[in-house]
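Please read the structure below before turning to the comments.
2 protein chains.
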Amino acid sequence: MEQDSKKNIQDYEIDQCDFICVHENVVSQVLKVMPQDQELLDLADFFKVFGDATRIKILYVLSQSEMCVCDIANLLKMGQSAISHQLRVLKQMRLVKFRREGKTVFYSLADGHIESILAQGMEHINE
Amino acid sequence: MEQDSKKNIQDYEIDQCDFICVHENVVSQVLKVMPQDQELLDLADFFKVFGDATRIKILYVLSQSEMCVCDIANLLKMGQSAISHQLRVLKQMRLVKFRREGKTVFYSLADGHIESILAQGMEHINE
DNA sequence: TTATTATATGAATAAGTGTTCATATGTTTA
DNA sequence: TAAACATATGAACACTTATTCATATAATAA
Chain A
590 MEQDSKKNIQ
600 DYEIDQCDFI
610 CVHENVVSQV
620 LKVMPQDQEL
630 LDLADFFKVF
640 GDATRIKILY
650 VLSQSEMCVC
660 DIANLLKMGQ
670 SAISHQLRVL
680 KQMRLVKFRR
690 EGKTVFYSLA
700 DGHIESILAQ
710 GMEHINE
Chain B
590 MEQDSKKNIQ
600 DYEIDQCDFI
610 CVHENVVSQV
620 LKVMPQDQEL
630 LDLADFFKVF
640 GDATRIKILY
650 VLSQSEMCVC
660 DIANLLKMGQ
670 SAISHQLRVL
680 KQMRLVKFRR
690 EGKTVFYSLA
700 DGHIESILAQ
710 GMEHINE
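Here you go:
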C-alpha cells in the first residue's frame, strides 16, 4: 500500500525540481482553474506595452488631451520617428485611436480603461 | 509685431520636428500637469514586471493560493532557477511576499492591487 | 559532522526591444 | 505639376532581459 501510493505520487510529478517537494493538492487544484496559456500570453503582451517609459509618457499626455505626433515629440523631447514607432505599438494593442485632419494625425486614448490602469499603477508605487 | 510674435514662438519650440507643427497651447498646458519624470519611469518599471508571461503566470497562480517555489515550477513546467529569478523581480517590486517554513519558502501576493490590475488587463483583452 | 533538500544567485548566452537614420507615403499649397 | 510638410516605416545598432548551468546558501535529518 505504502509503495503503491508513493508510485502514484511520482507518476503525477513532473521532473521540474531535482527532488520531490511538490504540494500535490495545491498544484492540482490550481491547475484546474488556470486560464488557457494563450490568454496569459496575451495579458503579458498587453502589460508589456505599459512597461516602457516613452509609451507611458505618451499615454499620460494623451490622457490630458488629444494630440498630434509632433506635439508629443516636442513634449517628450524626442524624435518624431521614435514617437511614431511607439504610437504604432499603442495602436496595435488598441490603446490609442486617431483621426486625420489634413496632414496632421491626432491621437487620443482608446477608452477609459487605460487611465484607470495607469491610476492603479500610480497608487501602487506611491505607497 | 508680426515678426516679434514669430520670434517668440520659435524660442519656445524645441527642434524635435523638422518643421513647425506644434500646437503651443496644448503643449504648454499639458507640460504644466506632467508628473516628474522619475514618477513616470517608476510607473513604467512597475508595469514592466507584468509584461512577461512567466511573471504573469506566477502572479496568477499565487492569486489562487500561497505556494512554494517548487510548486510554481511544477505548475508552469519550468526550472526552479528560472522561477526563483523571477520571484526575485516580483519581490523587488513588492508584488509578492514570502514566509519561510523550514527549508521551504512560501510566496503569496503582496496585496489586493495586484489581482485588481490583472483583472482590469483581462477585461481589456477580452473585449 | 555529513548528507540531503529547497531555494538563491552569478555568469553566459540567446532572444527581444527602442532609438536613430534614411527614406517612403500621403496631404496641402504654390 | 512641383515643393513643402506631417507622419510612417524598414534596417541597423545598442541595449536589455529571460533562461540555463553551475554553484552557493540555508535548513533539516542522519
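Residue numbers (my numbering), protein chains in the order written: chain A, 590 to 716; chain B, 590 to 716. We put the beta carbon where it would ideally sit given N, CA and C, even for glycine. Only a predicted model underlies this, so the values are computations on that prediction, with no experimental measurement involved.
- By the neighbour-count criterion, in which 16 or more other beta carbons inside 10 Å mark a residue as buried, N614(B) falls on the exposed side.
- Every alpha helix (DSSP H) stretch that sits fully inside the segment 623–686 of chain B and reaches 4 residues is listed by chain position as 626–639, 642–653, 658–665, 669–681.
- The closest CA to that of I645(B), considering only L665(A), P624(A), S670(A), is found on P624(A).
- Put simply, the CB of Q675(A) is far from chain B, with every gap to its CB atoms at 8 Å or more.
- Shortest Cα-Cα distance from L630(B) to any of D660(A), A642(A), Q669(A), L620(A) involves A642(A).
- Partner residues in the beta bridge of L698(B), as assigned by DSSP, are V685(B).
- Rounded to whole angstroms, the Cβ separation of L698(B) and S654(B) is 10 Å, and the two are not in contact under 8 Å.
- Classified as exposed, V622(A) has fewer than 16 neighbouring CB atoms from the shown chains inside 10 Å of its CB.
- M656(A) is the residue among S617(A), M656(A), I714(A), Q618(A) whose C-alpha sits nearest the C-alpha of S617(B).
- In the three-state scheme derived from DSSP, where H, G and I count as helix and E and B as strand, E613(A) is classed as helix.
- The C-alpha of V611(B) lies about 12 Å from the C-alpha of K666(A).
- By the C-beta criterion, the segment 673–681 of chain B is judged not to be in contact with the segment 668–684 of chain A, since fewer than 3 inter-stretch pairs fall below 8 Å.
- Among the residues facing chain B, F635(A) is included, as its CB has a counterpart in that chain under 8 Å away.
- Interface with chain B (8 Å Cβ-Cβ cutoff): K646(A) is included.
- The closest CA to that of R683(B), considering only L620(B), V638(B), E716(B), E628(B), is found on V638(B).
- The shortest C-alpha to C-alpha distance from Y649(A) to any of D634(A), S705(A), L620(A), H713(A) is the one to S705(A).
- By the CB criterion at 8 Å, L664(A) and V619(B) fall inside the cutoff.
- Contact annotation for G640(B) against chain A: A633, D634, F635, F636, K637, V638, F639, G640, D641 [CB-CB distance below 9 Å, chain order].
- In the three-state reduction of the DSSP assignment, E716(A) falls in the coil class, being assigned neither a helical nor a strand state.
- At a cut-off of 8 Å between beta-carbon atoms, S705(B) makes contact with chain A.
- Residues of chain A with a Cβ closer than 8 Å to the Cβ of Q653(B) are, in chain order, Q618, V619, V622.
- With a beta-carbon spacing of about 19 Å, Q627(B) and Q709(A) fall beyond the 8 Å limit used to define contacts.
- Pairing Y696(B) with N715(B), the inter-Cα distance amounts to about 29 Å.
- Taking 8 Å as the CB threshold, V615(A) lines the interface with chain B.
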